[in-house]
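Numbering (our numbering), first residue to last: 2 to 185. Every residue, glycine too, gets a C-beta built ideally from N, C-alpha and C. Note that the structure is a prediction, hence the values are computed from the model and not measured. Take a look at the structure set out below.
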């Protein structure tokens, strides 16, 4: 897969193991990936058992973001947080089974809670957090925690407000980094 996708510019890093799904020798997987593509960072086992390999140590935490509990010289990331959900009837993969970490009852409530969680990233950035990944962009099968519905027809929250908040957070992050890895 790395051979096939290494020239795709939208790929910003490699994750050979997500959580514990099939994780075995993470250090070997990282070295194999680096031999093919040394231009991107590798999160060896996103949010799970850290074997000390890769460029990141990362945590998965729902719904609020947090720093990994491991003290390490590698980059610190929150590779999954969020999981706020809402249901848009007629725009789901399945009507009966549904999963969310926290159900919200309106687009306004979803937007407000999303923005509250986004605000929790600021103190983490000040402590050195280098990445945060909100779960998830779209609903996926029975998971109703997307920003968009399963069919991508409905924006489940106020995208103008969250775009503005993202821009403000990026400006904040640029002011609170050492400059390492940031664009000129």
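Next on the checklist: Using the Cβ count rule (16 or more neighbours within 10 Å means buried), how would you classify residue 15?
Outcome noted: The residue given as residue 15 occupies position 14 in the chain shown. In this structure residue 15 is buried. Its beta-carbon is surrounded by 16 or more other beta-carbon atoms within 10 angstroms.
Next on the checklist: Taking DSSP's pairing of strands, which residues face residue 82 in a bridge?
Outcome noted: Counting from 1 along the chain shown, the entry for residue 82 is found at position 81. Per DSSP, 135.
Checklist entry - Is the CB-CB distance between residue 106 and residue 75 below 8 Å? => result Locating residue 106 in the chain shown gives position 105, counting from the first residue. Locating residue 75 in the chain shown gives position 74, counting from the first residue. No. Outside cutoff.
Next on the checklist: On the criterion of 16 or more Cβ atoms from any shown chain inside 10 Å, does residue 34 qualify as buried, or is it exposed?
Outcome noted: Locating residue 34 in the chain shown gives position 33, where the first residue counts as 1. Answer is buried; the Cβ neighbour count reaches 16.
Next on the checklist: Taking the beta carbon of residue 112 as the centre, do at least 16 other beta carbons fall within 10 Å, making it buried, or is it exposed?
Outcome noted: Within the chain shown, the letter at position 111 stands for residue 112. Classification of residue 112: buried, given that the 10 Å Cβ count is 16 or more.
Checklist entry - CB-CB under 7 Å to residue 3, same chain, minus the five flanking residues each way: which ones, in chain order? => result In the chain shown, residue 3 corresponds to position 2, counting from 1. Excluding residues up to 5 positions away in sequence, 15, 34, 37 and 38 lie with their Cβ nearer than 7 Å to the Cβ of residue 3 in the same chain.
Checklist entry - What does DSSP give as the partner residues of residue 43 in its beta bridges? => result Within the chain shown, the letter at position 42 stands for residue 43. The partner list for residue 43 (beta bridge, DSSP) reads 15.
Checklist entry - Helix, strand or coil: how does DSSP classify residue 103 here? => result Here residue 103 is taken as the residue at index 102 of the chain shown, counted from 1. If DSSP states are grouped into helix, strand and coil, residue 103 belongs with the strands.
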